[in-house]
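As structure tokens, the structure follows; a few thoughts come after it.
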Amino acid sequence: MEVPSSTAIRRKLAQIAADTAILWYNADSATTGQLSVMAYVPSNKGYVTWYAGWQKRGDGWKIHELVNTSDVELGSLLRTGQANSVIS
Numbered sequence: 000m001e002v003p004s005s006t007a008i009r010r011k012l013a014q015i016a017a018d019t020a021i022l023w024y025n026a027d028s029a030t031t032g033q034l035s036v037m038a039y040v041p042s043n044k045g046y047v048t049w050y051a052g053w054q055k056r057g058d059g060w061k062i063h064e065l066v067n068t069s070d071v072e073l074g075s076l077l078r079t080g081q082a083n084s085v086i087s
């Protein structure tokens, strides 16, 4: 769903998507050499938020910034996603 920033800034995600995990990611990473993901995840104490940013280095991507998560937690999430992905 695309929403202009001027509209989105006035809304609370919990009001429009209660108990829903939301991920944002930036577009055009191949061109910019930067990739970022922000997460808003419901928990039994409200919502957990985190941010991860990568930069293209040579042939791979390297984490350059983490907020409210660690490289261990992020690695676990990525490994779990890869193990559960469907390959057709």
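Under numbering that gives the first Met the number 0, the first residue of the sequence shown is numbered 0, with each subsequent residue one higher. Note that the Cβ used here is the ideal one computed from N, Cα and C, for glycine as well.
Out of the options, state which residue places its alpha-carbon closest to the alpha-carbon of residue i.
i, options, result
"T151", "D27, V40, K11 and N67", "Residue 151 lies beyond the range of the chain shown here (0 to 87); nothing can be said about it."
"D70", "R10, W49, T31 and K11", "W49"
"A29", "G59, S42 and I15", "G59"
"E64", "V2, G57, V36 and S75", "V36"
"Q14", "G80, L73, Y46 and T68", "Y46"
"N43", "A17, V66, I62 and N67", "A17"
Helix, strand or coil, according to DSSP, for residue i in the structure here?
i, result
"S35", "strand"
"V47", "strand"
"S42", "strand"
"R78", "helix"
"E64", "strand"
"I15", "helix"
Any idea if residue i is buried or exposed, counting beta-carbon neighbours within 10 angstroms, 16 or more meaning buried?
i, result
"A88", "No statement about residue 88 is possible, as the shown extent of the chain runs from 0 to 87 and does not include it."
"A51", "buried"
"L77", "exposed"
"A22", "Note that residue 22 is Leu in the sequence shown, not Ala. L22 is exposed by the Cβ-count criterion."
Which residues in the same chain have their Cβ closer than 8 Å to the Cβ of residue i, if we skip the five residues on either side of it in sequence?
i, result
"G32", "Q54 and K55"
Beta-carbon within less than 6 Å of residue i's beta-carbon, same chain only, minus the 5 sequence neighbours each way: which residues are those?
i, result
"A38", "L22 and W49"
"Y24", "V36"
Within its chain, find whatever has a CB closer than 7 Å to the CB of residue i; leave out the 5 residues flanking it on each side and keep chain order.
i, result
"V66", "W49 and Y50"
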